[in-house]
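Asks:
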Amino acid sequence: MLELLNKTAVVTGAASGLGLAMARLFIREGMRVVLADLPGAALDTALQSLKVKAGNVVAMPTDVSDPDSVAALAAYVGSLGGVDLLCNNAGITGDLPRVSWEHDLANWRRVLDVNLMGVVHGLHSFVPLMIEQGREGHIVNTASMGGLMALPYLSPYAAAKSALIALSESLSLELSTLKADIAVSVLCPGMVATGMTGPGSDHPDCTAPAPGDAAVAFRQNTRNALQNATVTAEQVAAQLLIAIHEKRFYVLTHEHALELAGLRWQRLTRDCSPHYRNSQP
Numbered sequence: 262m263l264e265l266l267n268k269t270a271v272v273t274g275a276a277s278g279l280g281l282a283m284a285r286l287f288i289r290e291g292m293r294v295v296l297a298d299l300p301g302a303a304l305d306t307a308l309q310s311l312k313v314k315a316g317n318v319v320a321m322p323t324d325v326s327d328p329d330s331v332a333a334l335a336a337y338v339g340s341l342g343g344v345d346l347l348c349n350n351a352g353i354t355g356d357l358p359r360v361s362w363e364h365d366l367a368n369w370r371r372v373l374d375v376n377l378m379g380v381v382h383g384l385h386s387f388v389p390l391m392i393e394q395g396r397e398g399h400i401v402n403t404a405s406m407g408g409l410m411a412l413p414y415l416s417p418y419a420a421a422k423s424a425l426i427a428l429s430e431s432l433s434l435e436l437s438t439l440k441a442d443i444a445v446s447v448l449c450p451g452m453v454a455t456g457m458t459g460p461g462s463d464h465p466d467c468t469a470p471a472p473g474d475a476a477v478a479f480r481q482n483t484r485n486a487l488q489n490a491t492v493t494a495e496q497v498a499a500q501l502l503i504a505i506h507e508k509r510f511y512v513l514t515h516e517h518a519l520e521l522a523g524l525r526w527q528r529l530t531r532d533c534s535p536h537y538r539n540s541q542p
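All letters in the sequence shown, in the order written, are residues 262 to 542 by our numbering.
1) For my contact list, L299 and D324 are in at a C-beta cut-off of 8 Å; report their separation, rounded to the angstrom.
2) For the stretch 355-364 and the stretch 463-474, state whether three or more C-beta atom pairs, one from each stretch, are separated by less than 8 Å.
3) Taking the CB atoms as reference points, tell me whether F377 and A421 lie closer together than 8 Å.
4) Use the C-beta contact count for F256: other C-beta atoms within 10 angstroms, 16 or more gives buried, fewer gives exposed.
5) Which value, in whole angstroms, describes the spacing of the CA atoms of S437 and F387?
6) Quick check on N402: buried or exposed, where buried means 16 or more other Cβ atoms within 10 Å of its Cβ?
7) Look up A421 in the DSSP assignment and give the residues it is bridged to.
8) Does A518 come out as helix, strand or coil in the three-state DSSP assignment?
9) Can you list, in chain order, the residues of its chain whose CB lies under 7 Å from that of V372, leaving out five sequence neighbours each side?
10) Where does T468 sit, in a helix, a strand or coil, going by DSSP?
11) Can you tell me where the beta strand (DSSP E) holding I353 begins and where it ends?
12) Looking at the unbroken alpha helix (DSSP H) that takes in L366, where does it start and where does it end?
13) Let me know if T455 comes out buried or exposed under the rule of 16 or more other beta-carbons within 10 Å of its beta-carbon.
14) Note down, one range per segment and in chain order, each beta strand (DSSP E) of at least 3 residues found wholly within the stretch 429-467.
15) In its own chain, which residues sit with a C-beta less than 8 Å from the C-beta of A307, not counting the 5 before and 5 after it?
16) Near V331, what residues of its chain come up, given a Cβ to Cβ distance below 7 Å and the 5 sequence neighbours on each side ignored?
17) Run the CB neighbour count on H399, radius 10 Å, all protein chains shown included, and call it buried at 16 or more, exposed below.
18) Less than 8 Å between C-beta atoms, sequence neighbours within five positions excluded: which residues of the same chain meet that for L524?
19) Expressed to the nearest angstrom, what Euclidean distance is found between the alpha-carbon atoms of A504 and A476?
20) Near G473, which residues of its chain fall below 6 Å by C-beta distance, leaving aside the five closest residues on each side in sequence?
21) Check for me: the alpha helix (DSSP H) holding M283 runs from which residue to which?
22) DSSP state of V319, grouped into three classes?
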């Protein structure tokens with residue numbers, strides 16, 4: 262999208278962290294912004310903080326894990342004149358780090374419901390509207406470096422973010438086939454110093470066993486890395502803005518991110534070549 266002035270952006274997970282940074286930047290670009298997040302003080306505070314700088318912002322309480330709630334958001338945005346930039350950004354880390362088979366099923370469900378199905382609900386409700394509008398649009402899905410590289414002890418989160426990258430790839434191909442003027446970006450940030458990120462905490466009814474020593478050490482190492490993180494939410498949002506203007510699909514925001522993501526493909530090459538080729542009939 263070359264021109265954002267007077268266009269409308271919808272940002273989920275907009276009450277804090279990266280979503281709030283996106284909203285601030287879009288407002289500075291002259292956009293109308295709809296903040297979508299769970300109802301409560303955080304959303305109210307975010308709205309008031311942004312209204313100080315611009316009146317062109319509204320808030321819509323939304324639970325992305327609830328398809329009816331997201332459908333209501335889309336209907337509301339449609340009544341405002343539609344959407345030009347959709348940012349499916351809402352996400353959670355989930356419970357404390359532990360081995361894959363010890364994350365209880367309730368944690369698996371809530372992480373997938375927000376991080377993956379929340380985006381699915383957004384696409385179901387907004388993509389038909391954007392296609393019907395017949396104008397230029399852009400969709401941003403916030404994934405993570407955790408979806409591009411091996412990430413132990415947070416398997417529900419990593420699985421959701423990996424699936425989200427694949428979903429975004431499919432979406433981009435489908436919109437291109439339709440010749441819809443709607444670009445797709447998948448945002449894959451590393452650790453961001455927002456004060457709102459971290460290696461998780463157990464949900465109130467968690468039935469999983471206590472994390473093992475290796476998982477506890479992983480959590481502490483993650484905390485230490487977050488405390489030393491130098492990339493801010495505002496810097497990630499600024500890089501995203503450039504990617505939106507350039508209609509760039511992959512948005513890797515951290516130094517050495519490409520090399521880290523490449524480790525997966527190096528392993529694929531090592532494990533499948535030449536043995537795989539030699540095994541063919």
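Every residue gets a Cβ at the ideal spot worked out from N, C-alpha and C, and that includes glycine.
Replies: Per the coordinate set shown:
1) 6 Å
2) yes
3) Note on identity: in this sequence residue 377 is Leu, with Phe being the wrong assignment. Cβ atoms of L377 and A421: closer than 8 Å.
4) Residue 256 lies beyond the range of the chain shown here (262 to 542); nothing can be said about it.
5) 17 Å
6) buried
7) Its beta-bridge partners do not exist; DSSP assigns none.
8) helix
9) I353, G355, P417, Y418 and A421
10) coil
11) First-last for I353: undefined, no H or E at that position.
12) Here the alpha helix (DSSP H) through L366 covers L366 to N376.
13) buried
14) 443-449
15) A275, A276, S277, L281, A284, L296, D298 and A320
16) T323, V325, H382, G383 and S386
17) buried
18) M410 and A411
19) Roughly 35 Å between the two C-alpha positions.
20) none
21) G278 to R289
22) If DSSP states are grouped into helix, strand and coil, V319 belongs with the strands.
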